[in-house]
Amino acid sequence: MTEGRRHRWWQRAVIYHIYPRSFQDTDGDGIGDLRGITQRLDYLQWLGVDAIWLSPFYPSPMADFGYDISDHCSVDPLFGTLEDFDELLEKAHRLGLRVIVDYVPNHTSDEHPWFVESRSSRDNPKREWYLWANPKPDGSPPNNWRSVFGGPAWEWDERTGQYYYHAFHRKQPDLNWRNPEVREAMYGVMRFWLKRGVDGFRVDALRHLVKDEELRDNPPNPDFREGGPSYEAQLPVYTTDRPEVHRMISGMRRVLDGYGDDRVMIGELYLPFDRLVLYYGEGGRGVHLPTNMHLITTPWSARSLAALVSEYEAALPPYGWPNWVLGNHDNPRVATRIGPEKARAAAVLLLTLRGTPTMYYGDELGMTDVPVPPHLARDPAGKEAPHLGRDPARTPMQWDASPNAGFTTGTPWLPLSSDHRRRNVAVQRPDPHSILSLYRKLLQLRRSEPALSIGSYEPLEATSSLLAYARTHAERRLLVALNLGDAPASLPRTLQGRILLSTSPRQEGQPLQPSTQLLPGEALVVEPLGLS
Ligand code: GLC
Ligand code: MG
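Note that numbering that gives the first Met the number 0 has the sequence shown beginning at 0, numbered continuously upward.
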């Protein structure tokens with residue numbers, strides 16, 4: 000086998016996450032669509048990413064903006080048609096871009112024909128496709144389980160006199176994965192998209208897939224702080240991360256592998272590393288990439304980030320390929336979490352750590368969360384407490400300085416950022432010092448330097464502000480240094496060489512001077528002289 004063949008495409012790839020509602024509208028309804036994505040694929044190829052992951056575009060009543068699916072094997076008319084999807088896929092492949100689609104196995108919409116049947120009577124053949132339970136003698140829900148979006152996870156069904164379970168919105172009843180008919184039906188969904196030619200799946204809400212059969216109460220969370228999201232008042236030990244989930248995952252994996260060994264399965268998982276790594280499955284027979292979400296919540300300091308990387312590297316099994324996520328449609332944007340000045344160093348970190356990076360659309364422009372006034376709020380998760388709403392991180396992509404940022408000719412479904420006239424692709428593309436140009440340079444560098452994608456990781460330094468590490472592949476060794484503090488930082492003496500890339504307007508290609516100090520928020524990629 001040649002050197003290049005030992006790694007799968009998704010180990011070297013950078014994944015770009017698109018929220019279809021917000022990327023590009025082509026029919027003036029203010030909502031992004033598949034044709035819009037197809038039009039913008041040239042931009043993504045220019046940017047230099049390798050794969051796109053699309054959040055759901057399937058028929059949906061949109062109670063959770065597409066994560067409540069009423070037909071898994073079609074396209075919602077809002078987003079277009081199956082033909083539009085085929086065109087998107089065909090053009091993406093022609094441009095060398097892989098396409099990963101969202102797969103939502105945990106629940107359907109309550110308007111899915113399966114659930115409509117299931118709730119029609121207790122003896123309907125689809126009754127056992129969902130999780131139904133009797134009330135307690137006093138009529139209250141079967142146990143104390145809570146929904147991620149707030150309130151009890153049980154919804155009363157008057158007609159049949161039972162409760163059904165929903166981990167998320169009441170319009171998202173959970174499927175019963177212990178039922179072999181459900182498994183077979185959901186494997187059929189995978190086959191449908193695999194046959195159409197998708198390169199893989201991002202599997203939604205994977206830790207929720209199996210629930211305790213005895214319906215035991217979840218214990219209280221001793222670390223819960225008053226005022227936090229009510230879901231966090233409990234430890235979801237009986238509703239998430241159940242041991243049986245791994246059996247279900249290997250079933251999915253068998254379906255995937257039936258279509259060759261080149262498709263990827265990414266599991267959406269919010270878990271500490273010791274639990275997370277179990278999702279690689281025994282011998283790597285689980286998901287290829289259990290999502291590592293820890294950059295989203297770890298304090299942005301050199302020491303905590305260095306500790307995070309070592310903890311992760313130490314937890315990974317030999318067959319487990321790492322991955323890093325900097326942001327997504329469920330969390331505040333990185334430029335808002337750590338401040339727009341530090342977003343550049345974050346780009347360097349994401350694209351030089353060992354493991355497959357996932358970028359979130361608009362982060363390459365340094366887009367920030369957009370405050371959405373209550374009367375324009377759309378996200379059901381924000382109902383319990385507006386500050387939990389995810390709308391601010393889902394606003395339209397900023398393409399140019401025209402009134403709706405080139406996103407739509409209609410009224411955007413969420414307000415545009417007030418900075419879109421300055422912060423957009425058209426303005427940043429010709430500017431060599433823009434964050435967009437930085438992302439593009441990083442993506443090019445990563446593509447041309449296997450050390451940055453598949454190389455080993457060696458920590459070099461973590462002081463209060465400076466984080467430095469080396470990435471090495473074959474004879475090639477590259478050094479990365481980031482100043483995560485608020486004051487200039489001296490470089491360690493071991494860090495000398497030629498600057499390959501900098502987040503500030505420094506002379507790339509020039510040797511570093513021994514006295515060089517990194518500016519606050521600055522990051523460098525350096526090629527040691529004389530060694531490589
Ligand atoms: C995942 C999705 C999120 C959705 C939830 C329910 O966490 O990322 O957006 O609300 O699942 O499907
Ligand atoms: Mg549209």
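Built from N, CA and C at the ideal position, the CB exists for glycine as well.
For the ligand GLC, is there any heavy atom lying closer than 7 Å to the beta carbon of residue i?
i    : result
Y163 : no
Y66  : yes
A12  : no
D390 : no
F167 : yes
E154 : no
D329 : yes
V333 : no
D240 : no
D63  : yes
A91  : no
E110 : no
V100 : no
E267 : yes
A204 : yes
V103 : yes
Could you tell me which residues DSSP pairs with residue i in its beta bridges?
i    : result
P510 : R497
D173 : H106
Y468 : P458 and V479
H541 : In this structure the chain extends from 0 to 531, so residue 541 is not present and cannot be described.
I265 : R201 and L288
A132 : Y162
D156 : Q161
Put residue i into one of helix, strand or coil per three-state DSSP.
i    : result
D101 : strand
A539 : Absent from the structure is residue 539, since the part of the chain shown begins at 0 and ends at 531.
G149 : coil
I536 : It is not possible to answer for residue 536, since the shown part of the chain is limited to 0 through 531.
Y66  : coil
L518 : coil
P112 : helix
Y186 : helix
Y230 : helix
D378 : coil
W320 : coil
L523 : strand
P532 : Since the first residue of the chain shown is 0 and the last is 531, residue 532 is not available in this structure.
A392 : helix
W299 : coil
I30  : coil
K125 : coil
A313 : helix
D240 : coil
D256 : helix
R353 : coil
G405 : coil
D75  : coil
H328 : coil
Q427 : helix
H168 : coil
Got a sec: does the ligand MG put a non-hydrogen atom nearer than 7 Å to the Cβ of residue i?
i   : result
I30 : yes
D24 : yes
Between residue i and chain C, is any beta-carbon pair separated by less than 8 Å?
i    : result
Y279 : Among the protein chains of the structure shown there is no chain C, as only one such chain exists.
- Hey, is the segment 138–156 in contact with the segment 215–222, meaning 3+ C-beta pairs nearer than 8 Å? yes
- the segment 201–213 contacting the segment 240–252, beta-carbon criterion three pairs below 8 Å: yes
- Are three or more beta carbon pairs between the segment 249–256 and the segment 226–233 nearer than 8 Å? no
- Query: Quick check: the segment 361–369 against the segment 426–439, are there 3 or more CB pairs under 8 Å?
  - Reply: yes
- Below 8 Å, can you find three or more Cβ-Cβ pairs linking the segment 399–419 to the segment 23–31? yes
- Message: Tell me whether the segment 504–511 and the segment 329–348 touch, counting them as touching only if at least three CB pairs, one residue from each stretch, are closer than 8 Å.
- Response: no
- Is there contact between the segment 448–457 and the segment 420–429, where contact requires at least three CB pairs shorter than 8 Å? no
- Message: Does the contact criterion of 3 or more C-beta pairs under 8 Å hold for the segment 66–86 versus the segment 188–199?
- Response: yes
- Assess, as a yes-or-no matter, whether the segment 459–475 is touched by the segment 485–494 under the definition of 3 or more beta carbon pairs within less than 8 Å. yes
- Message: Does the structure place the segment 4–19 close enough to the segment 34–49 that three or more beta carbon pairs sit under 8 Å?
- Response: yes
- Quick check: the segment 122–137 against the segment 195–205, are there 3 or more CB pairs under 8 Å? no
- For the segment 156–165 and the segment 45–54, state whether three or more C-beta atom pairs, one from each stretch, are separated by less than 8 Å. no
- Three-pair Cβ contact test at 8 Å for the segment 307–322 versus the segment 283–293: yes
- Message: Using 8 Å as the cut-off, can you tell me whether the segment 317–333 makes contact with the segment 349–362, which would need three or more C-beta pairs spanning the two stretches below that distance?
- Response: yes
- the segment 6–13 touching the segment 393–408, judged by at least three CB pairs closer than 8 Å: no
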